[in-house]
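Residue numbers (our numbering): 1 to 313.
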């Protein structure tokens with residue numbers, strides 16, 4: 001017995017998401033080429049690190065664009081949720097790449113603090129400004145869709161980090177031009193790393209939480225159990241599970257033991273509707289996909305005789 005609401009709003013967003021990501025990918029790839037040239041011309045570590053960051057972001061946006069196209073595919077008998085989880089996998093890969101780049105940049109920047117290299121500040125400034133303008137444009141394109149799902153959030157996060165990195169590059173160029181302090185380039189690289197790592201860790205935590213099929217954040221299963229058991233006619237709830245397929249797609253299953261009279265009086269169907277409405281409307285996390293097995297009291301003992309243990313506590 002299941003409860004299924006229409007998710008047309010998800011499909012409404014998908015085409016717009018793909019368009020936004022395609023534009024952001026094109027802009028970011030162009031900035032990447034410019035920054036690689038700039039790093040070679042100027043000898044700047046900060047610009048090279050930002051270019052490496054741009055490379056991962058370009059790959060990340062390509063993954064995000066691929067995931068957005070996969071998400072739009074309809075479910076099949078082999079993939080009953082379609083490719084909805086592709087956005088979570090994409091965001092996981094993006095955050096892992098960001099984390100690796102951030103750690104590498106921090107190590108190399110620390111080394112260069114003690115062995116600074118000659119930097120061409122004017123070229124560094126020009127390429128920093130080019131990068132910032134491109135990043136701001138990408139941010140504007142993606143911003144309206146950043147809350148649609150984890151995939152779009154990861155893409156927006158990458159572009160924001162790029163913009164902050166470009167600001168650090170510009171500041172380093174100004175400091176070097178005005179003071180001659182070459183270590184400013186390494187400091188800028190360290191700042192870029194400090195921006196990357198915490199955000200990458202946070203996103204990685206969110207995506208692995210979903211992939212491990214943990215209880216959706218903000219949903220208290222103890223409170224859910226208590227509320228379900230307080231419904232009229234309900235004796236007990238067991239084998240209660242909640243997880244998340246993708247962003248905005250939590251699911252819940254449970255076995256609900258009800259009074260024998262619910263079957264003889266024909267109210268089991270109404271009780272099922274009440275249970276589904278309960279988990280859809282009562283809690284901070286709305287569960288629109290819920291599956292309940294309604295059981296008479298004698299059925300639970302039969303289940304345990306066959307070795308089915310309650311995993312819901």
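Glycine included, every Cβ here is placed at the ideal spot set by N, Cα and C.
(request) State the CB to CB distance for the pair residue 31 and residue 102, rounded to an integer number of angstroms; the pair is presumed to be in contact (CB under 8 Å). (result) Locating residue 31 in the chain shown gives position 31, where the first residue counts as 1. Locating residue 102 in the chain shown gives position 102, where the first residue counts as 1. Residue 31 to residue 102, Cβ: 18 Å. No contact.
(request) For residue 244, write down the residues that DSSP places opposite it in a beta bridge. (result) Start at 1 with the first residue of the chain shown, and residue 244 comes out as number 244. For residue 244, which the question treats as bridged, DSSP gives the partners 250.
(message) With distance defined between alpha-carbon atoms, name the residue in 160, 121, 214 nearest to residue 172.
(response) One-based indexing of the chain shown puts residue 172 at position 172. Comparing Cα-Cα distances from residue 172 to each of 160, 121, 214, the minimum goes to 121.
(message) Can you give me the C-alpha to C-alpha distance between residue 273 and residue 229, rounded to a whole angstrom?
(response) Reading the chain shown from its first residue, position 273 is the one you call residue 273. Reading the chain shown from its first residue, position 229 is the one you call residue 229. About 15 Å.
(message) Rounded to whole angstroms, what is the Cα-Cα separation between residue 55 and residue 100?
(response) In the chain shown, counting from the first residue as 1, residue 55 sits at position 55. In the chain shown, counting from the first residue as 1, residue 100 sits at position 100. So the alpha carbons of these two residues sit roughly 12 Å apart.
(message) Let me check one thing: in DSSP terms, what residues is residue 77 bridge-paired to?
(response) The sequence position of residue 77 within the chain shown is 77, counting from 1. Looking at the DSSP assignment, residue 77 forms no beta bridge with any residue, so it has no partner.
(request) Please state whether DSSP places residue 25 in a helix, a strand or coil. (result) If you number the chain shown from 1, residue 25 lands on position 25. Residue 25: helix per DSSP, three-state reduction.
(message) Let me make sure I understand the geometry here. Which of 239, 244, 234 has the alpha-carbon closest to that of residue 218?
(response) The residue labelled residue 218 in the question sits at position 218 within the chain shown. Here the closest residue by C-alpha is 244.
(request) For the alpha helix (DSSP H) holding residue 260, just list the boundary residues, first then last. (result) Counted from its first residue, the chain shown places residue 260 at position 260. Unbroken run through residue 260: none, as it is neither H nor E.
(request) Label residue 263 either buried or exposed according to how many other C-beta atoms from any shown protein chain fall within 10 Å of its C-beta, with 16 as the threshold for buried. (result) Taking the chain shown and counting its residues from 1, one reaches residue 263 at position 263. That one is exposed.
(message) Give me, in chain order, the residues of the same chain whose beta-carbon lies closer than 8 Å to that of residue 278; leave out the 5 immediate sequence neighbours on both sides.
(response) Walking along the chain shown from the start, residue 278 turns up at place 278. Closer than 8 Å at the Cβ level, and outside the excluded window around residue 278, lie 227, 228, 231.
(message) Out of 157, 181, 22, 137, which one is the CA nearest neighbour of residue 116?
(response) Position 116 of the chain shown holds residue 116. Cα-wise, what sits closest to residue 116 is 181.
(message) Considering only DSSP beta bridges, list what residue 234 is partnered with.
(response) The count along the chain shown starts at 1 and reaches residue 234 at position 234. DSSP, once it has assigned bridges, lists 258 as partnering residue 234.
(message) Can you tell me whether residue 15 is buried or exposed? The criterion is at least 16 other CB atoms within 10 Å of its CB, across all chains shown.
(response) The residue you call residue 15 lines up with position 15 of the chain shown. Result: exposed.
(request) Using a threshold of 9 Å, state whether the C-beta atoms of residue 112 and residue 189 are closer than that. (result) The residue labelled residue 112 in the question sits at position 112 within the chain shown. The residue labelled residue 189 in the question sits at position 189 within the chain shown. Cβ atoms of residue 112 and residue 189: closer than 9 Å.
(message) Please give me, in chain order, every unbroken run of the beta strand (DSSP E) with length at least 3 that falls completely inside the stretch 24-71.
(response) none
(request) Would you mind working out which of 118, 144, 98, 162 sits nearest residue 129, comparing C-alpha positions? (result) Start at 1 with the first residue of the chain shown, and residue 129 comes out as number 129. That would be 162, whose Cα lies nearest to the Cα of residue 129.
(message) According to DSSP, simplified to helix, strand and coil, what is residue 287?
(response) Stepping through the chain shown from its first residue, residue 287 is reached at position 287. Correct three-state label for residue 287: coil.
(request) Would you mind sorting residue 110 into buried or exposed? The rule is 16 or more other CB atoms within 10 Å of its CB. (result) Translated into the one-based positions of the chain shown, residue 110 becomes position 110. Around the beta carbon of residue 110, fewer than 16 other beta carbons sit within 10 angstroms, so the residue counts as exposed.
(request) Just the C-alpha distance for residue 253 and residue 185, rounded to the nearest angstrom, thanks. (result) Working through the chain shown from its first residue, we reach residue 253 at position 253. Working through the chain shown from its first residue, we reach residue 185 at position 185. Taking the straight line joining both Cα atoms gives about 54 Å.
(message) For the ligand NAD, is there any heavy atom lying closer than 8 Å to the beta carbon of residue 83?
(response) Looking at this structure, you won't find the ligand NAD or any other ligand, since it has none at all.
(message) Just to confirm before moving on: does the CB-CB distance between residue 86 and residue 70 stay below 9 Å?
(response) Here residue 86 is taken as the residue at index 86 of the chain shown, counted from 1. Here residue 70 is taken as the residue at index 70 of the chain shown, counted from 1. Yes, the Cβ-Cβ distance between residue 86 and residue 70 is below 9 Å.
(request) Confirm, please, whether the CB-CB distance from residue 132 to residue 167 is below 9 Å. (result) Position 167 of the chain shown, counting from 1, holds the residue named residue 167. Position 132 of the chain shown, counting from 1, holds the residue named residue 132. Result yes, Cβ atoms of residue 167 and residue 132 sit closer than 9 Å.
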